[in-house]
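**Student:** Please find one structure pasted underneath; my questions will follow.
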Amino acid sequence: MISIRRWLLGWLIFGLAAASTIAGYAIFHTAREEASELFDYELRTVALSLPSNLQSALTAEQPSPDFAGIADDLIVIEIWDRTGTPVYHSLKAPLLERYDAGIRTVERDGYRWRIFGLQQRDRFVQVAQPFSVREDLARHLALRTLWPLWVVVPAMIALVLLVVARGLAPIRGLSRSLSTRSIDSLEPLRLDDNVPVEIRPLLEALNDLLERLNVASQAQRTFVADAAHELRSPLAALKLQLQAASRDGSLKAEGKTLERVEGRLNRVIHLVQQLLTLAREDASPATLMKPVSLRRLGEQAVGDFSLLAEAKRIDLGLECAAPSTPDDAYTVLAERNSLGVLLNNLIDNAIRHTPEGGKVDVILKRTLTDGVGFEVVDSGPGIPERELERVLDRFYRGESVQGQGSGLGLAIASRIAQRHQVKLTLRNNEGSNGLSASVMGL
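Numbering (the numbering used here), first residue to last: 99 to 540.
In structure tokens:
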């Protein structure tokens, strides 16, 4: 995967390193040449500054090839008188033959020397220095000229890292803005003076795409809502006509034919009603949350489903988990109608899948970590673990599901939970049969 940041940093640091290497080599080479010229000047200066009354310093000691001890200043000084007789020689220094006046480079016994000769009125002075000494001194001086480069290069690399990070900050901000958006948020991104001109065309194209997606999504939701609304009325009229014809005897059928037709018609009416509810939830913008009594909402829901629960001999009840008081209303900030649909769908799903003689409890909870919420617990068969996540998808019905249903009840509940920025959690009861549907953090 191509990274603009790595690409920029790689080439910038590589270019800086290459330029620094070339500059360092040029500085080092120039410093060595200048140091060599300086040492040549030093040889000439030493030759000119020698006093005229130097006495002979010849010794019987043999010269040593170890140049680390040559004179105090690492220079060999030799003087001959007018007749060519040696009158002075540096102590412990190797003997060199006499060369003509001027400066030159010679090689003797495997060692290279830099020699300067000067003819004076009554003597000849020769000053020599081994190249190994000159190279060491020149290298030391050249390296000392490079220390600012060793300081500047890390500072430049740090500056490059900072500049690239600051330069790419708007892109990271755009990524964070998009990653934190809701899946249903298709509003255009805000363009202001802080947006760099380089990414403005990208943002404009993205806003155009978001606008087209919003139009297409709105058209789809409107179509589903209109279709569900248009189907609901004819289906209700058809059911009434079927019931009327059955009562007055104008419609006759054998056995349970009419009962099966009415059951299928009720199923279609329920499906259309759920489609209409789902379309409304999808089309609903973010609404202003208001204080809602979760306890009152639970009492109303339990009352509405009491007849359905009694028909299946199911024990349906409302409980308040400790700590609570008799007058605790469990007040939450929510959209009342949507929260009621969420609770009703969970209770309806629990009753439909709980066998006769079972139990369904609506439990109101309050915790320090998760806040206020509720849990619907049934004693049905539960859901296989591999299907716990998939049952929240639209129109999905598990392989072991019995009875009628459209596969939209839990999907609607999940959609409402997302709009309230809470999570709907499904889990099988531990140690007993049944399913627990929990909504916390309201």
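Note that the Cβ used here is the ideal one computed from N, Cα and C, for glycine as well. This structure is a prediction, so every number in the text was calculated from the model and none was measured.
In the DSSP assignment, what are the bridge partners of Gln224?
**Tutor:** The residue given as residue 224 occupies position 126 in the sequence shown. Looking at the DSSP assignment, Gln224 forms a beta bridge with Glu176 and Gly215.
**Student:** Which of the three DSSP states, helix, strand or coil, is assigned to Thr467?
**Tutor:** In the sequence shown, counting from the first residue as 1, residue 467 sits at position 369. It is coil, neither helix nor strand.
**Student:** Quick one, are the C-beta atoms of Leu216 and Ala145 less than 8 angstroms apart?
**Tutor:** Position 118 of the sequence shown, counted from the start, is the residue given in the question as residue 216. Position 47 of the sequence shown, counted from the start, is the residue given in the question as residue 145. Result yes, Cβ atoms of Leu216 and Ala145 sit closer than 8 angstroms.
**Student:** Determine the DSSP secondary structure at Asp164, reduced to helix, strand or coil.
**Tutor:** In the sequence shown, counting from the first residue as 1, residue 164 sits at position 66. Note that Asp164 scores a pLDDT of 43, beneath 50, so its modelled location is shaky and nothing firm can be said.
**Student:** From Leu156 to Ser188, what does the alpha carbon distance come to, in whole angstroms?
**Tutor:** Within the sequence shown, residue 156 is the residue found at index 58, counting from 1. Within the sequence shown, residue 188 is the residue found at index 90, counting from 1. No answer about Leu156 holds up, because its pLDDT of 45 lies below 50 and its placement is not dependable.
**Student:** Look at Ile297 and Pro268 and say whether their C-beta atoms are less than 8 angstroms apart.
**Tutor:** Numbered from 1 along the sequence shown, position 199 holds the residue referred to as residue 297. Numbered from 1 along the sequence shown, position 170 holds the residue referred to as residue 268. Closer than 8 angstroms, so yes.
**Student:** What are the residues that DSSP puts in a beta bridge with Gly200?
**Tutor:** Here residue 200 corresponds to residue number 102 of the sequence shown, with the count starting at 1. DSSP, once it has assigned bridges, lists Gly215 as partnering Gly200.
**Student:** Report the CB separation of Leu106 from Val262 in whole angstroms; it is logged as a contact under 8 angstroms.
**Tutor:** For the purposes of this step, residue 106 is taken as the residue at position 8 of the sequence shown. For the purposes of this step, residue 262 is taken as the residue at position 164 of the sequence shown. Confirmed, Cβ separation roughly 5 angstroms.
**Student:** Does Ile510 pass the burial test, meaning 16 or more other C-beta atoms within 10 Å, or should it be called exposed?
**Tutor:** Counted from its first residue, the sequence shown places residue 510 at position 412. Buried is the call here.
**Student:** When DSSP labels each residue in this structure, what does Arg142 get in the three-state scheme?
**Tutor:** Here the question's residue 142 lines up with position 44 in the sequence shown. Helix.
**Student:** What does Leu148 pair with, by DSSP beta-bridge criteria?
**Tutor:** What you label residue 148 is simply residue 50 of the sequence shown in a count that begins at 1. Its beta-bridge partners do not exist; DSSP assigns none.
**Student:** On the DSSP bridge assignment, give the partners of Thr417 in chain order.
**Tutor:** Within the sequence shown, residue 417 is the residue found at index 319, counting from 1. Looking at the sequence shown, residue 417 is not Thr but Glu. The secondary-structure analysis by DSSP pairs Glu417 across a beta bridge with Ile461.
**Student:** Within the continuous alpha helix (DSSP H) that includes Leu508, where are the two ends?
**Tutor:** The count along the sequence shown starts at 1 and reaches residue 508 at position 410. Counting along the chain, the unbroken alpha helix (DSSP H) around Leu508 starts and ends at Gly507 to Arg517.
**Student:** Is the beta carbon of Phe222 less than 8 angstroms from the beta carbon of Trp178?
**Tutor:** Looking up residue 222 in the sequence shown gives position 124. Looking up residue 178 in the sequence shown gives position 80. Their beta carbons are under 8 angstroms apart, which means Phe222 touches Trp178 by this criterion.
**Student:** Using 8 angstroms as the threshold, is the C-beta distance between Phe403 and Leu416 below it?
**Tutor:** Against the sequence shown, residue 403 aligns to sequence position 305. Against the sequence shown, residue 416 aligns to sequence position 318. The answer is no: Cβ separation not under 8 angstroms.
**Student:** Does the structure place the stretch 192-200 close enough to the stretch 241-248 that three or more beta carbon pairs sit under 8 angstroms?
**Tutor:** In short, these stretches do not touch, since the Cβ pair count stays below three.
**Student:** Can you give me the start and stop residues for the beta strand (DSSP E) that Val430 sits inside?
**Tutor:** Looking up residue 430 in the sequence shown gives position 332. Where Val430 is concerned, the enclosing beta strand (DSSP E) stretches over Thr429 to Ala432.
**Student:** Whole-angstrom Cβ separation of Ala432 and Val474, contact assumed at under 8 angstroms?
**Tutor:** In the sequence shown, residue 432 corresponds to position 334, counting from 1. In the sequence shown, residue 474 corresponds to position 376, counting from 1. Ala432 to Val474, Cβ: 16 angstroms. No contact.
**Student:** Identify the continuous beta strand (DSSP E) that holds Pro184 and give its terminal residues.
**Tutor:** Taking the first residue of the sequence shown as 1, we reach residue 184 at position 86. Element bounds for Pro184: Pro184 to His187.
**Student:** Count the C-beta pairs between the stretch 483-496 and the stretch 457-469 that are closer than 8 angstroms, then say yes if the count reaches three, no if not.
**Tutor:** For the pair of segments examined, the stretch 483-496 was found not to touch the stretch 457-469: the number of CB pairs separated by less than 8 angstroms stays below three.
**Student:** Look at the alpha carbon of Asn526 and the alpha carbon of Leu287, and state the distance between them as a whole number of angstroms.
**Tutor:** In the sequence shown, residue 526 corresponds to position 428, counting from 1. In the sequence shown, residue 287 corresponds to position 189, counting from 1. Cα-Cα distance, rounded: 42 angstroms.
**Student:** Which residue comes first and which comes last in the beta strand (DSSP E) that contains Met538?
**Tutor:** The residue labelled residue 538 in the question sits at position 440 within the sequence shown. Leu533 to Met538 is the span of the beta strand (DSSP E), which, as asked, contains Met538.
**Student:** Can you give the Cα-Cα distance for Gln519 and Ala317, rounded to whole angstroms?
**Tutor:** Here the question's residue 519 lines up with position 421 in the sequence shown. Here the question's residue 317 lines up with position 219 in the sequence shown. Between the C-alpha atoms of Gln519 and Ala317 there is a straight-line separation of about 25 angstroms.
**Student:** With a Cβ-Cβ cutoff of 8 angstroms, do Asp138 and Arg180 count as a contact?
**Tutor:** As a working note, residue 138 is residue 40 in the sequence shown. As a working note, residue 180 is residue 82 in the sequence shown. No, these two residues do not count as a Cβ contact at 8 angstroms.
**Student:** Grouping DSSP H, G and I as helix and E and B as strand, with all else coil, what is Asn442?
**Tutor:** Translated into the one-based positions of the sequence shown, residue 442 becomes position 344. Three-state result, Asn442: helix.
**Student:** Can you give me the C-alpha to C-alpha distance between Ser134 and Ala236, rounded to a whole angstrom?
**Tutor:** For the purposes of this step, residue 134 is taken as the residue at position 36 of the sequence shown. For the purposes of this step, residue 236 is taken as the residue at position 138 of the sequence shown. The straight-line gap from Cα to Cα measures roughly 7 angstroms.
**Student:** Do Gly455 and Asn531 count as a contact pair if the criterion is CB distance below 8 angstroms?
**Tutor:** Counted from its first residue, the sequence shown places residue 531 at position 433. Counted from its first residue, the sequence shown places residue 455 at position 357. Result no, Cβ atoms of Asn531 and Gly455 do not sit closer than 8 angstroms.
**Student:** Cβ atoms of Leu440 and Val370: under 8 angstroms apart, would you say?
**Tutor:** Mapped onto the sequence shown, residue 370 falls at position 272. Mapped onto the sequence shown, residue 440 falls at position 342. For Val370 and Leu440, no; Cβs fall outside 8 angstroms.
**Student:** Go ahead and pull the three-state DSSP assignment for Tyr494.
**Tutor:** For the purposes of this step, residue 494 is taken as the residue at position 396 of the sequence shown. Here Tyr494 sits in coil by DSSP.
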